[in-house]
Amino acid sequence: MDARLEDLKKQYERLDIINEKQEERKQKLVEKATNLTNFYIVFQGVILTSISQASSLKCKHWWVPFCLSLFAFLIDSLILGHTMIKYLRTKEQLENNRSQHEKLRKEIYSLETGNGDNAEEVNSLHNLPHKSQLLQRIDKVSYFRRQVIIYWTAGILLAFSVVILAACPYVLCK
969 MDARLEDLKK QYERLDIINE KQEERKQKLV EKATNLTNFY IVFQGVILTS
1019 ISQASSLKCK HWWVPFCLSL FAFLIDSLIL GHTMIKYLRT KEQLENNRSQ
1069 HEKLRKEIYS LETGNGDNAE EVNSLHNLPH KSQLLQRIDK VSYFRRQVII
1119 YWTAGILLAF SVVILAACPY VLCK
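Just so we're aligned, residue 969 is where the sequence shown starts under the working numbering, counting upward by one.
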């Protein structure tokens, strides 16, 4: 029994360390996505500002800022998309690890209190089935919310890019 308890505590501590690292990775991915988005908007603003000012570009060269904007959009979209996929995977792994972490905590508690053989008593004490169902609903809602935010952000960036791309020939040829 003591060996099992020690093994569970080691697993619990390892999951603590893994969860901390994944939390840091998640934060870095959020920062990267935010920075990519900000740099993209600033870059597009610089292009639009440069063509809207009196410039040496003529109407027949409208494709130069258009191509710059298009390439910036494509590169940023690919990198941002990859970053968001990594973020979603990291977030999902973190949630799974937290769930496993909680199960280990409960198992350690049941072994430490001597209720290891009677798991039903421990579950009824902590109302585990109810909490488990509630957590599953919260996970589904938070997953859906993350998806909505990501697609909403992607849609706004796409609309912004379309406006900038349409502005390139319009501003130069007006």
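For glycine and all other residues, C-beta sits at the position ideal for the given N, C-alpha and C. Just so it is clear, the structure is predicted and the values come from calculations on it, not from any experiment.
Distance, residue j Cα to residue i Cα
i, j, result
"L1125", "G1013", "13 Å"
"K996", "G1049", "15 Å"
"R1073", "F1041", "47 Å"
"A1127", "R1057", "26 Å"
"H1069", "L1046", "34 Å"
"Y1055", "K994", "6 Å"
"L973", "L1079", "7 Å"
"E991", "L1062", "7 Å"
"V998", "L976", "32 Å"
"Y1077", "K978", "14 Å"
"W1030", "V1139", "9 Å"
"M1052", "I1118", "8 Å"
Which of helix, strand or coil DSSP assigns to residue i
i, result
"K977", "helix"
"S1110", "helix"
"C1136", "helix"
"C1027", "helix"
"K994", "helix"
"V1131", "helix"
"K1000", "helix"
"R989", "In the sequence on display, residue 989 carries Lys and not Arg. It is helical."
"Q1115", "helix"
"Q1021", "coil"
"V1090", "Note on V1090: pLDDT 45, under 50, position unreliable in the model; no value is reported."
Run of the alpha helix (DSSP H) containing residue i, from where it starts to where it stops
i, result
"S1078", "1031-1080"
Which listed residue (the options) has its alpha carbon closest to that of residue i
i, options, result
"T1002", "I986, S1018, T1081, D1044", "D1044"
"S1037", "M1052, E981, A1135", "A1135"
"E981", "D1107, R1066, G1123", "R1066"
"F1112", "G1082, V1131, H1029, E1060", "E1060"
"E1035", "I1015, E991, A971", "Before going further, note that residue 1035 is Cys rather than Glu in the sequence given. The option with the nearest alpha carbon to C1035 is I1015."
"I986", "E999, N1064, V1131, V1130", "N1064"
Residue i CB to nearest heavy atom of the ligand MN below 7 Å
i, result
"S1067", "Questions concerning the ligand MN fall outside what the structure shown contains, since it holds no ligand whatsoever."
Residue-level contact to chain C via CB, residue i, 8 Å cutoff
i, result
"R972", "The displayed structure is made up of one protein chain only, and chain C is not part of it."
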